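Chemist: Residue numbers (the numbering used here), protein chains in the order written: chain F, 545 to 711; chain E, 7 to 367. Note that the Cβ used here is the ideal one computed from N, Cα and C, for glycine as well. All values reported here derive from a predicted model rather than from experimental measurement.
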């Protein structure tokens, strides 16, 4: 399942600095703006998908966890909750996704969608658990709805990852 | 040691980053203080970019919508050609109606009818979490401060919870952290409105013996010292007796019914009387009903009931006294409680009461 070293090197070259700056900011802007145009898109979590994308592409757990941390803290800053909740969750998502990508073939589109699906559920569960345990928030996690949204995010992840690959 | 650190480098960094964020979280919860600088950076950096998305949206989706609208107009024109002469006047009338219904214009007219000092704002984005939070393009540079009410002509939208130089954060009426004092229009029943995280709100602390009707309008009571009295909140969707002492009341907020694009921030709220009629909708301009004979204005209807100047508390006290008198119960005597469900009619006012003076607001 592991990729050849040459292939990994090609992928790293693709990771241009401008993409590293632009994609997280764009994902956050999309996340806070698009649901205003249509509430149907409120299920979409572009910051999470971008975190997973960079983790899969980087395969460097330390870099991935810092990218996740930065995106998460920015999300926290734009929410009404104390800063750190999204940060912790996305740090873990980045770290685990990058660690897993070292052992799995993440070039396959189906595998990438699977990652997006699993990490969406992981993200939602961990966010709710953190909110309930640390902040005393009321947890209203609907499993069926979460699975449906995970599938939809995975479906969006496929073209999004391809688009980011081409940039 | 060096070998151990390099071997467990990833895990060590992860633990350090997580610990730092946990410490940050604990500090905020413990000290009840916000890390304002991070929020200011994020809002100042991200919010201006939302305007770019607005521009793209207006020039793509807006263009398609405009084209679609044009095609509809073309089809309609075909049908209307046969009766052009007859429908010309009606067409002009509808155009006037459409122009009047334009929300931005209604909003521009609204402050002139509103006694409170206000400032118009545009909703630029929503919060990044699942809470009902939005951002507006007015901040401390425009005189906005924390806890100011945010309204539309249709009703209350929320209140300011975060203020940045050019933007502010608004927690919506439907958010689980939102609460406001309410008063019902017909029976002046007081309660506390709370958001539920969905499209309806609940109203707590209304006792079972108090009367609230489905469809009745609820207004801000001013009890919370944030929202001035008399702002419409919405209509009661459900009202039924609860299991304990309090009723189960649900309300559909009116301020969010027609979408959320332009809002008003009340910089200096002024208490208003609760109107005796339903608040006018944004799409149709209605004049207020003419004042009653011998009264000086809308305040007279609220204050003078049966020819006697009373407050809401006086009315409740008077009602309890009447119930006690009708059932021969003396309050404080320890002889059980009267049946509050049997409410005797209020005594008739004297035939020719002297003209009372309305107290100044």
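1) Within its chain, find whatever has a CB closer than 8 Å to the CB of residue 195/E; leave out the 5 residues flanking it on each side and keep chain order.
2) What would DSSP say about residue 306/E, mapped onto helix, strand or coil?
3) Between the segment 621-637 of chain F and chain E, which residues of the former have a C-beta closer than 8 Å to a C-beta of the latter?
4) Taking the CB atoms as reference points, tell me whether residue 603/F and residue 645/F lie closer together than 7 Å.
5) How about residue 260/E and residue 187/E: do their beta carbons lie closer than 7 Å?
6) Count the other CB atoms within 10 Å of the CB of residue 138/E; is the residue buried (16 or more) or exposed (fewer)?
7) Roughly how many angstroms lie between the CA atoms of residue 593/F and residue 224/E, to the nearest whole one?
8) For a quick check, are the C-beta atoms of residue 56/E and residue 158/E less than 7 Å apart?
9) Please tell me whether residue 671/F and residue 633/F are closer than 7 Å, where the distance is taken between their beta carbons.
10) Evaluate residue 351/E with the Cβ neighbour count: other Cβ atoms within 10 Å of its Cβ, from every protein chain shown; 16 or more gives buried, anything less gives exposed.
11) Can you pull the DSSP bridge partners for residue 210/E?
12) Under three-state DSSP, which class holds residue 238/E?
13) Residue 129/E versus chain F: which residues are under 9 Å apart at the beta carbon?
14) Using a Cβ-Cβ cutoff of less than 6 Å, which residues in the same chain neighbour residue 618/F once the five nearest sequence positions on both sides are dropped?
15) Identify each residue in the segment 33-53 of chain E for which the Cβ-Cβ distance to at least one residue of chain F is less than 8 Å, and report them in chain order.
16) So the alpha helix (DSSP H) residue 616/F belongs to, where does it begin and stop?
17) Grab the span of the alpha helix (DSSP H) containing residue 70/E for me, first residue to last.
18) Please tell me whether residue 278/E and residue 214/E are closer than 7 Å, where the distance is taken between their beta carbons.
19) Considering residue 712/F, what are the terminal residues of the alpha helix (DSSP H) in which it resides?
20) Could you please give me the residues that DSSP links to residue 131/E through a beta bridge?
21) For residue 561/F, write down the residues that DSSP places opposite it in a beta bridge.
22) Measure the CB-CB distance between residue 141/E and residue 191/E and report whether it falls below 7 Å.
23) Beta-carbon within less than 7 Å of residue 132/E's beta-carbon, same chain only, minus the 5 sequence neighbours each way: which residues are those?
24) If you draw a straight line from the C-alpha of residue 183/E to the C-alpha of residue 152/E, how long is it?
25) Counting only runs of 3+ residues fully inside the segment 153-200 of chain E, write out the beta strand (DSSP E) ranges in chain order.
26) According to the Cβ coordinates, are residue 587/F and residue 696/F closer than 7 Å?
27) Beta-carbon within less than 6 Å of residue 221/E's beta-carbon, same chain only, minus the 5 sequence neighbours each way: which residues are those?
28) Select from the segment 178-192 of chain E all residues with a C-beta closer than 8 Å to any C-beta belonging to chain F, and list them in chain order.
29) Considering only their Cβ atoms, is the gap separating residue 628/F from residue 333/E smaller than 7 Å?
30) Can you tell me where the beta strand (DSSP E) holding residue 224/E begins and where it ends?
31) Cα separation between residue 69/E and residue 562/F?
32) List the whole-angstrom C-beta distance separating residue 179/E from residue 271/E, where the pair is believed to meet the contact cut-off of C-beta under 8 Å.
33) Identify every residue that forms a DSSP beta bridge with residue 125/E.
34) Suppose the cutoff is 7 Å on Cβ atoms and the five residues either side in sequence are ignored; what does the same chain contact list for residue 579/F look like?
35) Can you tell me where the alpha helix (DSSP H) holding residue 256/E begins and where it ends?
36) Taking Cβ positions only, does residue 573/F come closer than 7 Å to chain E?
Modeler: In short, the structure shows the following:
1) 189, 212, 216, 217 and 218
2) Its pLDDT being 41, under 50, residue 306/E is placed unreliably by the model, and the measurement read from it follows with that caveat. Correct three-state label for residue 306/E: helix.
3) 621, 622, 623, 624, 625, 626, 627, 628, 629, 630, 631, 632, 635 and 636
4) Yes. Within cutoff.
5) no
6) Buried is the call here.
7) 43 Å
8) no
9) It is a contact, given that the beta carbons lie within the stated cut-off.
10) Burial call: exposed.
11) 198/E
12) For residue 238/E, the secondary structure class from DSSP, reduced to helix, strand or coil, is strand.
13) Chain-ordered, the chain F residues with CB closer than 9 Å to the CB of residue 129/E read 580.
14) 572
15) 34, 35, 40, 41, 44, 45, 47, 48, 49, 51 and 52
16) 605-621
17) 42-86
18) No, the Cβ-Cβ distance between residue 278/E and residue 214/E is not below 7 Å.
19) Since the first and last residues shown for chain F are 545 and 711, residue 712/F lies out of range.
20) 141/E
21) The partner list for residue 561/F (beta bridge, DSSP) is empty, contrary to what the question assumes.
22) no
23) Sequence-distant partners of residue 132/E (beyond 5 residues in either direction) whose C-beta falls short of 7 Å from its own C-beta, in its chain, are 139 and 140.
24) 15 Å
25) 155-158, 161-169, 174-178 and 185-190
26) In this structure, residue 696/F lies closer than 7 Å to residue 587/F by Cβ.
27) 241
28) Those would be 181, 182 and 183, in chain order.
29) No, the Cβ-Cβ distance between residue 333/E and residue 628/F is not below 7 Å.
30) 223-226
31) 30 Å
32) In fact, because the Cβ distance is near 14 Å, the residues do not count as touching under 8 Å.
33) Note: residue 125/E sits in a beta bridge opposite 271/E.
34) 585 and 586
35) Where residue 256/E is concerned, there is no enclosing alpha helix (DSSP H), although the beta strand (DSSP E) it sits in stretches over 254-259.
36) yes
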